[in-house]
Amino acid sequence: MTDPVITAPQQAPVVPNAPGFFSQILNTLLNPAAAMATVPQQSGRHLWLLAIQVLLTTAIIYWFYAGMSPAWLVEQQILHAGELTPAETEQIRAAMAGMAGATPIIGAVSVAVGSVAFVAICAGYLLLTGTLQKALNYGQWFALVVWSQLPALLNILGLAVLVLLSDSPDQPLMLVNYASLNQLVLDLPVGHALYTWAESINVFLVWQLWILFAGLQSAAAFSAKRAAVVVGTPVLLIFGLWALLA
């Protein structure tokens, strides 16, 4: 009679835990290649991040405008309206004065809707660029874009800090773009042909592009060259043509 063979119970393979929500936020900002690699396998976490971004952005933009006096807000809008005749100025002033009370709501809702639409469009663009490779589906691309927008959340939080530290709620509208190429380097005046162009390029936009560039490589297996082309082409086309036509 042979002794029974006793085998040790097999242990289930250890699956590494996904980083916590706030840990992933920090990792995405500092080490995007590693953080973005797990995004396509996550379920719904990006929707929480998107909700936080939209709610905070909406609230802060509303607060930014709501604190201004109607007269100041109207004058700021006229300042950015371009060259006007005295008659046009008075006509626009009268029209804007009637809408000054609604400006905080209009501004906040516009930014919120624009943010979601931008993510949706970017996800569609990435889906098209990855069609041949069939790297990710639309939902996964959408999640990747949402996480790449994290610097925009820091941008809006920075605006809130600046408003809190200001002596008066009546602040120039350009404060929203406090980290822009114009305000940090060029200092072009309102009305300059490249003013809006320079106000639209900022440090946080570059940070977002860097995160997306890293994410395309780690999450979708793009080569560095392909990721650079996919990320850089629309940016260069938009801002390049804008500068040439300004």
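Take the position in the sequence shown, starting the count at 1, then add 84; the result is the number in the numbering used here. Idealized CB from N, CA, C, for every residue including glycine. In this text the structure is predicted, and so the values were computed from the model without any measurement.
Start and end of the alpha helix (DSSP H) containing S302? V287 to A304
On the three-state DSSP scale, how would you describe S252? coil
Check whether the Cβ atoms of I144 and A263 lie closer than 8 Å to each other. no
Residue from A119, F105, F106 and G104 with nearest C-alpha to W294: A119
According to DSSP, is S194 part of a helix, a strand, or is it coil? helix
May I have the straight-line CA-CA distance separating G128 from L325, to the nearest angstrom? The C-alpha of G128 lies about 37 Å from the C-alpha of L325.
Leaving out five residues on either side along the sequence, give the residues of the same chain with a beta carbon under 7 Å from the beta carbon of Q108. Residues of the same chain with a CB within less than 7 Å of the CB of Q108, apart from the 5 flanking positions on each side, are A119 in chain order.
In three-state terms, what does DSSP make of S153? coil
Could you say which of L246, L249 and H130 lies nearest to W225 if we only look at CA atoms? H130
What is the C-beta distance between V313 and L228, in whole angstroms, given that I count them as a contact (C-beta under 8 Å)? Not confirmed; about 17 Å, so no contact.
In the DSSP output, what is S264 paired with across the bridge? N286
Alpha carbon of N261 to alpha carbon of S284, nearest angstrom: If you draw a straight line from the Cα of N261 to the Cα of S284, it is about 7 Å long.
Below 8 Å on the Cβ atoms is my guess for A184 versus L157; work out the distance and round it to an integer in Å. 5 Å
May I have the straight-line CA-CA distance separating A282 from F323, to the nearest angstrom? 9 Å
Closest Cα partner of G166 within the set L139, L114 and A277: A277
Whole alpha helix (DSSP H) runs in the stretch 108-134 with 4 or more residues, listed along the chain? 116-120
Specify, as a first and last residue, the run of the alpha helix (DSSP H) that A55 falls within. Residue 55 lies beyond the residue range present for the chain, which begins at 85 and ends at 330; the question has no answer from this structure.
Exposed or buried, I240, counting other C-beta atoms within 10 Å across all chains shown (16 or more means buried)? buried
Cβ-based burial, W231 [other Cβ within 10 Å; buried from 16]: buried
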